[in-house]
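All residue numbers for the sequence shown refer to numbering that gives the first Met the number 0, where the first residue is 0 and numbers rise by one. For every residue, glycine included, the Cβ atom is placed at its ideal position computed from N, Cα and C. As the structure is a prediction and not an experimental result, all values here were calculated from the model.
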Amino acid sequence: MAIVTILFGLLLIILGVAGYVGTGWQAPTALIPMYVGIVFTILGLLARRASQKRRMTVMHIAVTLAALCFLLTSLNIWYFVRMEMGHAMARPIAVEDKAVFSVMMLIYVLLCVRSFIKARRTPPAEGSGQQPSQVAS
Numbered sequence: 000m001a002i003v004t005i006l007f008g009l010l011l012i013i014l015g016v017a018g019y020v021g022t023g024w025q026a027p028t029a030l031i032p033m034y035v036g037i038v039f040t041i042l043g044l045l046a047r048r049a050s051q052k053r054r055m056t057v058m059h060i061a062v063t064l065a066a067l068c069f070l071l072t073s074l075n076i077w078y079f080v081r082m083e084m085g086h087a088m089a090r091p092i093a094v095e096d097k098a099v100f101s102v103m104m105l106i107y108v109l110l111c112v113r114s115f116i117k118a119r120r121t122p123p124a125e126g127s128g129q130q131p132s133q134v135a136s
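Below, the structure written as structure tokens:
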């Protein structure tokens, strides 16, 4: 998931810059996805270089950040749908940018959840130093 995190980080950086350019270099808030993308890229790089336990921590931080971003921007998906149905929006580029950001965060969260479930179901490799959990009788 570290590589996926880096990829999403880079895509968010592109989204932020494109949103800022799309507003005619006028709306610095359009750069918010870029800042989140920088954080994701850093977290992904940290996860690639970290031990197993730290990698888990870093990835949980990344998915928590993504879930928060999704929750904070999810209403924009509805605004985007309304805009596509013909309703006028004051800043259509901002609505599009935030809706794409929200959908990207949702996809990232779902990918992480799937990965976490898969990791839970997969037994640790022999020699990894991890003891299998003991079931109480």
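Item                                                                                                   : Value
Which listed residue (19, 96 and 60) has its alpha carbon closest to that of residue 112               : 60
Same chain only: Cβ atoms within 8 Å of residue 41, ignoring 5 sequence neighbours per side            : 8
Pairwise C-alpha distance: residue 122 and residue 35                                                  : 33 Å
Own chain, CB closer than 8 Å to residue 94, minus 5 neighbours either side, in chain order            : 75, 78, 79, 82 and 88
Secondary structure of residue 77, DSSP reduced to three states                                        : helix
Proximal residues to residue 134 (C-beta, below 8 Å), its chain only, five neighbours per side dropped : Unreliable placement is indicated for residue 134, whose pLDDT of 41 sits below 50; no coordinate value is reported for it.
Residue 25: first and last residue of the uninterrupted alpha helix (DSSP H) it sits in                : Counting along the chain, residue 25 falls outside any alpha helix (DSSP H), and DSSP gives it neither H nor E.
Three or more C-beta pairs below 8 Å linking the stretch 62-69 and the stretch 46-54                   : no
Through-space distance from residue 14 to residue 55, alpha-carbon basis                               : 27 Å
Reduced DSSP secondary structure (H/G/I, E/B, other) of residue 122                                    : coil
Neighbour flag for residue 107 against chain D, beta carbons, 9 Å                                      : Here chain D cannot be found, since the structure has a single protein chain.
Separation of residue 72 from residue 116, as counted between CA atoms                                 : 26 Å
Cβ-Cβ separation, residue 0 to residue 58 (assumed contact under 8 Å), whole Å                         : 5 Å
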